[in-house]
Every structure is written in structure tokens, then in C-alpha cells.
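In the working numbering, the protein residues as written are 18 to 427.
The structure under discussion appears below in the form of C-alpha cells.
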């Protein structure tokens, strides 16, 4: 305002000085002249000095008038622009204050200041998303969803950014089904988005959806979301859990179909094949995998697989015994193998060999199962004293194992 006043006074002084100089200059002539203007029946006659001065001052007056008129015409727009600038600056200050309050844990205060100035901000999306996080942190889920909806209305082209925030908030609020719904939609929009894939992986794990993880594994690997070792570990875990789920259905066809889909390098991992063979045995299809299980044991000697082989209800018990005795030459002091041999000999009606194998197993490493089997053998032979002794030793061993477990937990 002061600048405009100075500009006006300067222009007025210049015009007055010009008029004074012109009048002095013209007055210096002997005949300063005159001006005659005629319009129809009207005429105007005046001195050249007066006319020149009037012309200079009139030009200044018209100039000031039109400048003032232009200023007045522009005034409403200037007021609107200035008002917008003030609101914009306030919104920026509010955004900074809201972010600081959020960082300090002042959720309600942050939410209030962010929403108040969101409509005037140059980045309303940040206002609403930060306010949604603040509302989530104080447990106001209805407000959170309201702010996310407003964010979508204010920034229609930011579906992925809004969706990711929504999914993260659902995950932190243990709303896994809602998170999965949002992430599935985002995945259809951008199947290679790193954060979407990572959050999908986390959501599937929380839901125990191992089939979903199995289908997601190629994308996680191809887009380098996880390290190669992490992908292999996740792949192993996924197929393990899927095999366990299939075993609960007692469907050997479903278990075998899943096993056929598992990559060879996963099948070779320790523990995976044990889950498969155990599932098939529990489904009543042990005879179908007996030969395959024996082949695996011939290459990879494993106590768990050996125990599973001994639990197979074979259609050819004598053949099962022959295979087991072939292993004895390479593993003569394996207590588990000796127990299995004793069990199979008992099934094959060979009590003498059964007693030999079971006694040797107990001498190497006594187990409750070996005592139980030997006690049953003595009982069938009518030797109740020896049977009672075996049962007693088995109970004492079981009790000591339980006591050890309790001490380990305490």
C-alpha cells in the first residue's frame, strides 16, 4: 500500500513539474499563441499555455483514473488469491504440525488439525492418510474408514497408495480378511508391485492360507521380493503345511496329487518326505508307498522314516521283514531297526528271532515300545513273570521320560 502511495505522489509531482516547465517555456515567447477548437456551433478559444498545462494534467488524471479502475476490477480476484494463499500456507503448517503430533503419539490432536485444513492443502491425500493412521492408533476404525474414503474422493488416481495404507492398517488391526480383499484388488491392478506382494505374503501367513502362498511363490521369486534362501524356506514351509492339511482329510488321492506337484528339490529336504509318508500311512495307504519308502531309506538313512516303515501295514509282511534284515548288515547297532525287526518277526510267527532282536534293541537303547513288544511276546508264550517285568521296566522308563520333560519345562 505504501508503495502505491509513493508511486502516485511521484507521478503527480512529475506531471506538475512538467506542466510548470512547459508553461514557463511558452510564457517566454512574445506571442505565446492561442488554441481555437470548434465543434458545430460551439467554439473554445484559450491560450496555448493554459491548453498545454491542461493537457498534461488531464492526461495524468485519465491515467490515474484508468489505473485505479483496473485495480478495482482486479481487486476481487486478488482478494480470493490472497485468501487461498493464506489457507494454503496454514494447511502446510497444519500438515507439519499433524506429522509431528503423530510422531509424538498425540493421535487425536494430529487427526483434528490434519482434517481441519485438508481441503485447502496442496496435498490433501497426505492429510487424510496420516489422519487415518492417527484414527487407527486410537482405535477409531469408523473414522479411519471415513478418512480413507475422503482420500479416495480427493485423489481418484491414487488407488494403489490409498489401498496400501488401508491394507497396512487392516493388518495392524488384525483384520486379515479385509486386508486380503484390498490386496487382491491391488494385485489385479499391478501384479508386480513389490509392497503389494510382500503384504499379500504376510496376510496369507496370518490366515494360514498356504495354498495362496504356494500360488504367490513364483511372483515373490521373480520380482525379488524375498531372498532366494527365504523363498526356498517359505516354499518348504508351504508344502509341509499343505501336506499336513491334506493328511487331515484322510484322502490318499489328494495327498498323492499334491506330492506330484512338489518340486524335486523340496522332496529331498529333510522332514518333507516324512510328512508325506506319514500322511499316506494315516490315510490307510501305507502299502502303496512301502516300496518308495524303502527306496528312500536305502539312499538316505533316517530314524523317522525307519519308524514309519515299521508302522506300514504291509500286504507282504515277510517281504517287509526281508528288506529290513538287509539293512541290518549296514546298521547292526540301530536300536530302532532292531525293534522293527522284532515287531515284524512277531507278525511272521517267529518268536525266537523276535525275542533276539527286541532284547538286543533294549540292550543298546531301551525304549518303551521295545519293552511293550517284548512283554507282549512273553505273555503270548505264557511267561507272565517275564512279561510283567518287561511291562514294569517300560512303565518306569516312561515315567522317567515324563519327569525329564517336566524338569526341562520348569
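Glycine included, C-beta positions come from ideal geometry on N, C-alpha and C.
Item	Value
Beta-carbon contacts of residue 340 that lie in its chain and below 7 Å, excluding the five residues immediately before and after	311
C-alpha distance - residue 242 paired with residue 215, whole-angstrom precision	7 Å
Spatial distance of residue 258 from residue 353 (CA atoms)	27 Å
For residue 311, the first and last residue of its enclosing alpha helix (DSSP H)	303-316
Cβ-based burial, residue 231 [other Cβ within 10 Å; buried from 16]	buried
Burial state of residue 315, where buried means 16 or more other Cβ atoms lie within 10 Å	exposed
CB contact flag (residue 300, residue 331, <8 Å)	no
Beta-carbon proximity of residue 358 to residue 342, cut-off 8 Å	yes
Inter-residue spacing [alpha-carbon to alpha-carbon] between residue 225 and residue 392	44 Å
Integer Cβ distance of residue 355 from residue 377, believed to fall under 8 Å	5 Å
Anticipated Cβ contact below 8 Å, residue 189 with residue 222, distance rounded	Actually they do not touch by this definition, with Cβ atoms about 15 Å apart.
Every unbroken alpha helix (DSSP H) inside the stretch 219-256 [4 residues or more]	227-239
Proximity of residue 171 and residue 146 at Cβ, strictly below 8 Å	no
Cβ-based burial, residue 59 [other Cβ within 10 Å; buried from 16]	exposed
Close-in-space but distant-in-sequence residues of the same chain around residue 103 (CB under 6 Å, 5 per side omitted)	Bear in mind that the predicted position of residue 103 carries a pLDDT of just 48, short of 50, making it unreliable; the figure below should be weighed with that in mind. There are no such residues.
Enclosing alpha helix (DSSP H) for residue 329 [first to last residue]	First-last for residue 329: undefined, no H or E at that position.
Length of the line joining the Cα atoms of residue 235 and residue 218	12 Å
Length of the line joining the Cα atoms of residue 210 and residue 274	32 Å
CA-to-CA distance, residue 252 to residue 144, given in whole angstroms	40 Å
Best match in 302, 240 and 335 for proximity to residue 325 [C-alpha to C-alpha]	302
Nearest-angstrom Cβ-Cβ length linking residue 361 and residue 337, presumed shorter than 8 Å	6 Å
Residue from 394, 379 and 159 with nearest C-alpha to residue 366	394
Cβ shell of residue 335 (< 7 Å), same chain only, five flanking positions each side left out	365
Member of 266, 390, 248 and 149 whose CA lies at the smallest distance from the CA of residue 162	149
Proximal residues to residue 350 (C-beta, below 6 Å), its chain only, five neighbours per side dropped	381
Distance, residue 389 Cα to residue 238 Cα	50 Å
Entirely enclosed alpha helix (DSSP H) segments - the stretch 337-402, minimum 4 residues	352-364, 368-381 and 385-397
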